Structures are given as structure tokens and as C-alpha cells.
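Letter by letter, the sequence shown follows residues 6 to 1153 in my numbering. Here is the structure we will look at.
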Amino acid sequence: MEVLEERWLLDASLPSIFPGLKLHLGNVEPASVVMGDLNEDGNPDLVTANRLADAVSVFFGEGDGRFTVTQYPVGDLPSDIEMADFDGDGHLDVVVSNSGDNSLSLFFGSGGGNLGDGILWSLPSSPRDLAVGDFDGDGNPDIAAILVSDGGNSLAIFSYQGDGSFEVLFESPAGISPRALTVADVNRDGHPDLLVGNLGSIDVYLFEEDEAFQLVSTLVPIRTDSIAVADFDGDGLVDIAACERGSPYFLVALGEGDGNFDVLSLQSLDRTLQYLLAGDFNTDTRIDLALVDAEGTILSLTGHGDGSFETHIPPGPSASSGSAAGIVGDVNSDGHLDVVTVNTYDVSIIFGDGTGVFPSRQSHPAGLSPSRVRPADLNNDGWPDLLVANWSGGYVSIFLNDRTGNFVEMGRYPIGPYMGAVAAADFNGDGHADFVAVDRFNGEVAVFQNIGGGQFVSDSRFAVGQGPSDVVAADFNGDGHLDLAVCNQGSNDVSILLGLGDNTFQARGRFTVGSNPFSLAVSDFNGDGRMDLISANWDSDDVSILLGNGDGTFQTELRYTMGDGSRSVAAGDFNGDGFVDIATGNRQNHSVSVRLGNGDGTFGTESRYSVGNFVSHLTVADFDGDGRLDIATTNSGSNDVAILFGNGDGTFLPEVRFTAGDSPEALVAVDVDRNGRLDLVVLNQVSNSITILHNLLPGRYSVRDLGTVDDLTISDLVTLEPTDLVFQVSPTRNGILTVIGESLDVPGSITLQLYDDNPFENPEATLLAQSQFADNQTRLDYEFAEGGRLYYVIASGSDTSFSLRFVNLLAVQFLGESGALVSVFGTEHDDFLVLRPGTSPQVVINGVSYGLSETPDSLTVQGGLGSGVDIVVVYDGPGDDIFHLRPGSLKAVIPGPIPVSVDQIVGFEEAHVYATGGGQDTAYLYDSSEHGLVDLSVSLKSEPQYRHVKMIGPGVYHRVKLVEVVHAFATGDNDRAVFFDSPGDDVFLGGYGLSRMAGPGYDVTAHNFRTVTAFASQGYDRADLVDSIFKDEFHVKSHKHEIFDQVTAGARYRITVRAFDHVYAEANTAGTSRDTLKVWPTGGDDLVAISGDVLDRFVVSGEEMRWLFRAVGFEVAKLQPTTDSSDQAQLTEPIQMNLEIGSGWQVN
């Protein structure tokens, strides 16, 4: 039998570099695939049954993803395929069901990969699904087939007789629409049984040694087009998972060991399912499921071991669309199960990584007819963004990276009815990437200025040639400003626009090239340090080399023939000789042409490599990280991307293809997820989408974007050699950027390095600071960090876990010999700030201590950035210090040899002031003007070694210790002051609007408090009370241990004093209000002396205490009833006041 085709399909050491490895077959519609080692080299091979080609394709695997393919003819419309050793010679054979001519094709393997001529055996009806098993117990595999005819459907078993014929062992009528023929030992009797899916049921044929069978049916609510059998719940019995093709439904049924199944669940997914597969995809010894939908997406269902599953839906498809069938196996011999699918035109191999979730390509809407794409950091966050030129849409779409490698469309900018390419660069020198876009219809380039955050405004337009297509930016005249080169398809030339550095350009001239120039590339082809140009000329099938003169002009073109329809061009050093080489994508003959540069602007002979159908675009990059440049092309006719892996000598391996979207037009290589591996971004013109093919090789590093930080802790980090962790941080403000490492779980060598750029992406990045773990911790400080700028902290070393803290809490502006201006900032969390002057001034916030190299002249503190509770603690110096505390702010002036001047501390919920350094220290406390449920309260205590003042108000707590002079100012409605005296002799002055307590070494004044309470306890204490101009009442009570109890004053304030030895109360004699004195006798002998309108003296004697008060100016006096003691009221005429004397008083 003739071998139809034999070719080398794939020769790459890293075929799993991108998701969706594609083995292209053409329009053959493969219907089934089987895996086995046909050539007995220890590596799995693949065989597909191709319905429209009436052939099978045999892919001989090399074990690492390399394949050769050979095709063999079979009967009409092959439907299914199986492998087994049918002739007993120890070599695998292949059987194919041919549904179009009612036959089986059988190929006998020889062990070397040659299947021979094979035989064709006719059947009475059309065979569809096949299965293989030893159903008659003779030790040889038999063939089971579903036969379909107009007279009815049946299940038949055939045994090969060794002479080219088969014997029918068994045949039985089948159900409605039988399919999904599967083999399993359902009842655990050691004999293989058969399962057949039907419309509404699953039939199980239980076979015995005498070829008899028992039919058991399980009713199911779906048409079972696909069946997977395995032990899902770990009970040792065969279970079933099944789905209905073209619907969202699948079910799991648990086996009972006798052919019956209990339908555990019927589930629905928002997908059009095709079939399902079973295997341990995450290597946890539990069986998982993989459901393949019509788009080629593999939905992973992780098994829990009890028959239940957890569904993982990937962001996009893994295989090509239109998948008809698939198998599971370890294609690349890495110990992980892979999935192989057969699709309308190709075979997809999705390599598993042992996680249970299969890699997929991601897709995003891209606007109408996306045709060109350029990467650039458009919002200055360090991540590559995308500019997409929408050809027939006439606009540029902006896509910002979400810092995970995915993109979000942020805006569209109209250009013209039809547009060409787009280019991005900083054309005005402001540090932001601007862009220029080609207006094909009007023959112009439009300039857009970046105004920050990925937003643009239209700036200006400049005329070029006819039908401009592509644009590139470079400095063609060496003035330091970026210029533009535009190729014009309609006028067959290149326009040069010289940049003026302000987003404006000046025409320099137009230079003739070949016919229909479609794309440009820029490089130095002759090594003279001047930028040159190359154009790919679509109609003349060649390229034009324009060597630059260094002044914005170019020499006459040099032409080099390339392939048919040279549409796209790229430049790079393919052979490592230091000279620039060139490559073109040739649309009409589906190839890539390569010419190696001689270093003088001339090029060698052409080499040509086959790729996919209708090459649209190509790019050059090192995708596999071997230091050699590779070539990638988009192929709009075969809907894929082809990669030619470079050998490093200017030659390339045969193509490797990966599935893309519908009609891929353009592509660019960019590390979208910043792991040190180049990914591919593909534009699909018909499906109007962006496809992202993430590089699946292990990352060289891993970037973690922490955003803007002031105080952030990252716990439980792990570094794995050789992958380093890269932390991208942006300080909140100018100041010190501190990185603290701690909690190293095992001894190891961990190094932290701080750079001004990612050194993996920019070799010119500057090392700013570094440190190494010692004693389980490390720290680095960079004093000159700029707020809003990106910095990169590299954590590298041994495999271990640790935590990192990133801090930007202190800003220092050094002023030379005069000192420094220091600013301390709070965070979103609970902040704790300590300011301590001394010989080495220190600022400590949240445990991070800063020893300032210069004494600060001024200090500003900002807290309250978040909902946390912020606390500030200030220690005074040795001299006379002054503290001003207001709700939410504190100001301190601490003079002395090492002064600290705190200009402003704001946003802190708690403020603590400790005056310990001697001198006469003064504190001023001000409450808020808020009137709410929480009122301002001041507690004032004085003891020999502990003087304490605290102020509490809405959202504020101020505390002062060991301050000699304190002033508290109340301004609200419901403020209360509480005084506690010292052990010595104290004086309390209480009056309208002001209350004051003074004692040994302290003096406290409280202003405008509505309620004042004074407690006297030790020493000889005196309270002087002055009432308001309003109507006041003065209550005097005396009980044991509570001699003087209460004074109730007039409107808006209340004073309470307790346990004072002497009280002097003065009523307002100038006012018109009537003030009342109320006196209660004590348990002892009391004396009240009243003279005229003045209550003169009130003496109380008791067993344990003696106290004295004096009251003046009261209009009303009330003496309350007495006890058994001898109480006297001495009255002196004239008595002008209103006097009420209760019973029991002796009046003299």
C-alpha cells in the first residue's frame, strides 16, 4: 500500500512553550485519535482517523513533543480508531472503522513504525464507534463495534482469525442512537464489559466466559454522546461520567458493582460541551474530569474522591475549535497527563503541568478589524500596555495592563476612515509615552499627547505620502529627538518626519522603495552608528534597504528579492556574528525568507522556511530563552501562529504551530506578565479579538506589583532558585524607603537589593542599596526615594520563607549645616509614632526607628490616612517645653542642646506627651467644637512623681504626664473637667468659665467646662468658688468621709467639690439673680453664722474631720433639718436675706 505523505512536522525541544500546540493536518476533519508506542522507542505515538481524507495520520513521537507524520489510506469516511496486538506478534496494530463503505481497515505493526499494507474487511452495515477487549477469554483482543443501518442498530464483537478474516463472536440489537462505546469491568468478575450510550439510557453488557451476556440499562436524562469510566468515589467500583454533545449537560453516576448505576448529579455549565475525559490531572491520586467545549476550552473538574468535583473554568480555550474527540496520556514523558484533541483541521496537544488546570490562551475584544499592535507603558506603572490600530474602524484602542498580564480597554481615539499602523514613544520629553497613528485615507500621521494615566489628547497632524501603512520611530538625524518614518503603499516611498522634541515634526523628504511597501523596520545595517530602514514590498516580492546618512536623509535603495508577497519584515542578529540580519513573512507562498547580513548594509543568499497559510505578520524574539533569536508569524489562512526556533547559526528548525483566533493579522512579543519570558499578543481581524499566548516556560523571575506603599507587610514569601522575587513598589512621597526582612523560617542566604528599575528588564538599572539576612532579619534604607517613582526590590537566595515589610513613613529634606526638615506620615492602618529628642534624635513609627543624621530644625507629622487608630507619643527635652494639643493635632516646641520643633502633628486619635527632661513644661489642651454623644473630658491629677492630664473628645484622646503647667480649653456644650489633688496643700478655684487647681509643682487651668468635679484627699486643701451672673444654687452637705459634697452653679456649668478642708463660696452680688445657699448639718455639732446678707461662716466638727466654709452674697439661705447633734445658727441683725430655718436648729 502506498504511503501518501511523510514529512518532519515538529522539531523543537520546547514544544510546550505556548498553550495549544497544533499539529496541522489541513481540511481532513480528523474524527478520532488513539495513543500508543507503535515504533517501540519508549515514546507515545498518535494516530488519527481523518474523515475527509480517507486516511489515517501516524505521528511518531520523540518523547519531548517532536513528531514525524506519515499517512496511510483507509476506507471511506473513517470514524473511529483503536490500537491492540490483534495478531499476537507482540507489536501494536491499528484498526479503523470506515462508516462510508461499511468496512474495517486493519494495519499490522512490525515494531519499527511501519504499518504495512493492511487489509480491508467488509461489513454488512456501517461501523461507527470501536472498542477493544478480550471478550471471549482466549487471551487475544477482540474488536467491538457499533453498527448502524436503516434496518436497525446493533452491537457486534469480532475476533481476528489470523488469515485476513474476522469471526463474529457476538451481535445484539442496540438502543436508540447508540454511541460512546466503552470497555470496563463493571461487575468486577475479571471479564471486560461494554457500555453503550443511547438517547436516554446507558446500556451495560455484562459478559461471561461462555460469551453469554446480561444487559442492564440505567435511565439517564440526557443523550450520552461521551462516556468516561473510572472510580470517582474510591470504593473500587466503576463509575460513569457522561455528557451530551452540543448541550451544557453532564452527569456523574456511581456504580453499584452489578451493572447498575446511581445517577449522583446532573449538572449544567454555561458551555456547549463536546465530550469529557477522566484522569488524575493534579497527581493527588483522585480521579478528575476534563470537559471540552465547542470552542476548545478545557474545563477542569477536580475530584474530591467522593464522587463530587470542583469546577475550574479557564480564561480561554486551550485547543482549536470544533474538537470532535480526545484522549489522555503523557505525551512528553514528564510524568503529567496531557490532553490530545482532534479538531476540524488539526490536532491540539495541551500539556498538563500537574496542577489539574490546563493552560489556555486568553482572548479580549479588540474593536473592529484590529490590524497592528504596539506595546508601551502608557500609564507609567511599569507594566506593558497595548495600542491597537483598528483598520476599518478608523481608531486606536488603548488597553492597559491590569498588572496580571490581562488587559482592560480604556479608550478609543478616532484617526480617519481607514488607518494603518501606530507607534508609541515619548515624543515631547515629558516622561510619558505618546503615540502617532497613520491615517491611510487622508495621507497623514496624527500625533496624540499622553496627559497621564493612559489618557491622550489629539495634538497635531502631518502630511506624508499616499496610502501610508506603517510607521516607526527613531532618531535619524542624531539630535536627540525622535523622528518618524512612514511607508506609503500608494506612492511607493518612505516619508521622513524629523521630530522637534515637542510633539511636532518637520518633513525631511520622501525616499523611493519597491512596489506596495507594507511594513518597515529600523536598525543599523552597516554598523556606522546611523539608523537605517528596511521596507517589505508586497507587490514586488522584495525588500528595500535605505542606509541612513545621519542627517535624516537616506541613500538610494538597495533591493533584495524575498518570497512571494513579502508583506512583513523584521531585523535581528540570527547567527550571533554581530551583524544585523533580516527576515520577511511571505503571504502568497506561506513562508519566511531569511538573509544574513554582511555588516556593510548588504546581505547574503535567501533561505526559506515553510510556515502556516497566508503569512500576515512576523516578529523576532528569543522565546525559549536559549539566547538565540526565533521567528514567529501570524498565519491568517490557518488561524495559527508559527514559530521557527533559531539554531543560533542563522538557520531555523521547522515550524511549530500554536492555535490563535480567527484570521490572526498581527502579533508582538512582549512579557505581559513580567516573569522574564516573552509572551505573544496576537490580533485576530475576523473575530475582532486579542489572543494572548502566555509563555509556559518557568519564569526567570516573578514580579509582584505592590502599588503605592507607605507601610505594607508581605508574609510567607518563598523564593525558589533560580526564580527571584521582584517587588515593584512606589513610595507614597519623597523620603526614606525602608525594606525590612524578618521571620526567616530556616537558615539561609537571602539577599535584598533595591534598584531604580527592574534589572532583569533593564540591564542599565542602578543598584541603590542592598542587605543580607543576619540573625533572622535584615534591613535596607534608601534616603532619597522619590514619591510616585517605581522601585524594585529583588529577593534572591536559597529556598526559604520569610516576610518583608516596605515602609515609606519618613521624609527628610536636608538643609546642610542648619539641619533637616523632617516629615513623618501615617498609614491606612493603626499607627504608633514616637518622637524622642536626645543626642541622637530618633523618630519611631510602628516599630521602625530612624536615627537622623542631622538634627531636624522642623518636624511635620501626618496621620489619620485611614480608619485605623493613630497614636503619637512625644518626649520632651531638658529645658522648658511647650505642647499644644488639639483634637487631631499636636504642636510641640522642645528647646535645648538637641531641639525638636514639631510644627504640626495632625490626624492622630491619641496624643501622649511625656515631660521628663526637667524645666518648666507647659501643655495647652483644646477640645473640638463638635457636640455629640462623646464629650470632652479632662482628668487632672497631681502626685509627687506622677502628674497626669488627659483630654477625651470626639475621636481624640490626649494624655499629658509630668507637665508642670497645663491649660485645658473647652469649647463645646457638654465638657467635663475632673480634678484630683496632690498629697500636699492644694488650692481649687472654681468659677464661671474657669476652673483651676494648683499644688506643689503643678498648676492646672480648665477653661469653659460645663461640668467640673474637684476631689481633695490629702493635705490642707482649699476650694474657692465664684458663681456666675445667673441664678445659682450652692448645696452644702457633710457626711462621714464626705465632708463637702456639692456645689450646683448656674446656667451652663456645674461644679462639684469633695473632701476639701476649706471652701469659700462667693455669690454674685452685682447680679439681679437670686442665689440660694442650702446647708445640711452633719452628724456632729454644727455652727452657722449669718450676718446681714452674707452667710459668714459654717463650721462642722466631727469625730474624724473638721472643715470650714465661707459663703458670701447669697440672697436665700436654707438650713435643713438637724440630727440629734447640737447645731446652732447665729444670726446677726440686720438680716436682709431670705432665711429658712428647719426644725431642730438652735437659733441665737
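Backbone N, C-alpha and C fix where the C-beta goes; we use that ideal spot for every residue, glycine too. What you are looking at is a predicted structure, and each value in this text was computed from that prediction instead of being measured.
Less than 8 Å divides the Cβ of V491 from the Cβ of V443. Pairing F663 with D645 gives a Cβ-Cβ distance under 8 Å. Ranked by Cα distance from L28, the options H341, F65, N48, E45 are led by F65. Residue G555 holds the alpha-carbon nearest to the alpha-carbon of G532 among G555, N287, A1011. By the CB criterion at 8 Å, P83 and V61 fall inside the cutoff. One Cα belongs to Y280, the other to I232, and the distance between them is close to 8 Å. Contact check for V548 and M536: beta-carbon distance about 16 Å, past the 8 Å limit, so the pair fails to qualify. Linking G989 to D926 through their CA atoms gives a straight-line distance of about 20 Å. The Cβ-Cβ distance between P669 and N693 does not fall below 8 Å. Considered as a whole, the region 425-495 harbours no complete run of any alpha helix (DSSP H) with no fewer than 4 residues. For I86 against V101, the beta-carbon gap comes to about 5 Å, under 8 Å, which counts as contact. Nearest to D484 by alpha-carbon distance, out of L505, G470, Y929, is L505. Considering only G924, A1094, S368, the residue with the shortest C-alpha distance to P322 is S368. G570 is the residue among G570, S104, A58, K966 whose C-alpha sits nearest the C-alpha of G519. Of the candidates S828, G239, T316, N348, the residue whose Cα lies closest to the Cα of I292 is G239.
Between the region 584-604 and the region 524-531 there are three or more inter-stretch CB-CB distances shorter than 8 Å, so the stretches are counted as touching.
Bounds of the beta strand (DSSP E) holding R377 are 375-381. Shown here for V333: same chain residues with a beta carbon closer than 7 Å to its own, the five before and five after excluded, namely L282, G284, L342, V344 in chain order. The beta carbon of A468 sits closer than 8 Å to those of G448, E449, A512, all from its chain and outside the five residues before and after it, given in chain order. One alpha carbon belongs to A1094, the other to R1027, and they sit about 20 Å apart.
Under DSSP, N640 forms a beta bridge with V620, D645. For the set L967, N348, S621, the Cα lying nearest the Cα of V673 is the one of S621. For I648, the closest of V691, D605, E611, N700 by C-alpha to C-alpha distance is N700.
By the CB criterion at 8 Å, E833 and D875 fall outside the cutoff. Taking all protein chains in view, the Cβ of T713 is surrounded by fewer than 16 other Cβ atoms within 10 Å, so the residue is classified as exposed. Of the candidates G387, D488, V462, the residue whose Cα lies closest to the Cα of A428 is D488. Nearest C-alpha to G617 among V625, V597, D991: V597.
Non-local C-beta neighbours of T307 in its own chain, meaning closer than 7 Å and more than five positions away in sequence, comprise N287, D293, F314, E315, H317, G361, ordered along the chain.
In this structure, the CA atom of G651 is about 9 Å from the CA atom of D631.
According to the DSSP assignment, E176 belongs to the beta strand (DSSP E) that extends over 171-178. With contacts defined as CB atoms closer than 8 Å, A626 and L683 qualify as a contacting pair.
Counting the other Cβ atoms within 10 Å of the Cβ of S540 gives 16 or more, which makes it buried. According to DSSP, residue pairing for I151 in a beta bridge involves L160.
For W126, the secondary structure class from DSSP, reduced to helix, strand or coil, is strand. The three-state reading of DSSP puts A975 in coil, since its state is none of H, G, I, E or B.
V209 is positioned such that its CB atom lies no closer than 8 Å to that of F237.
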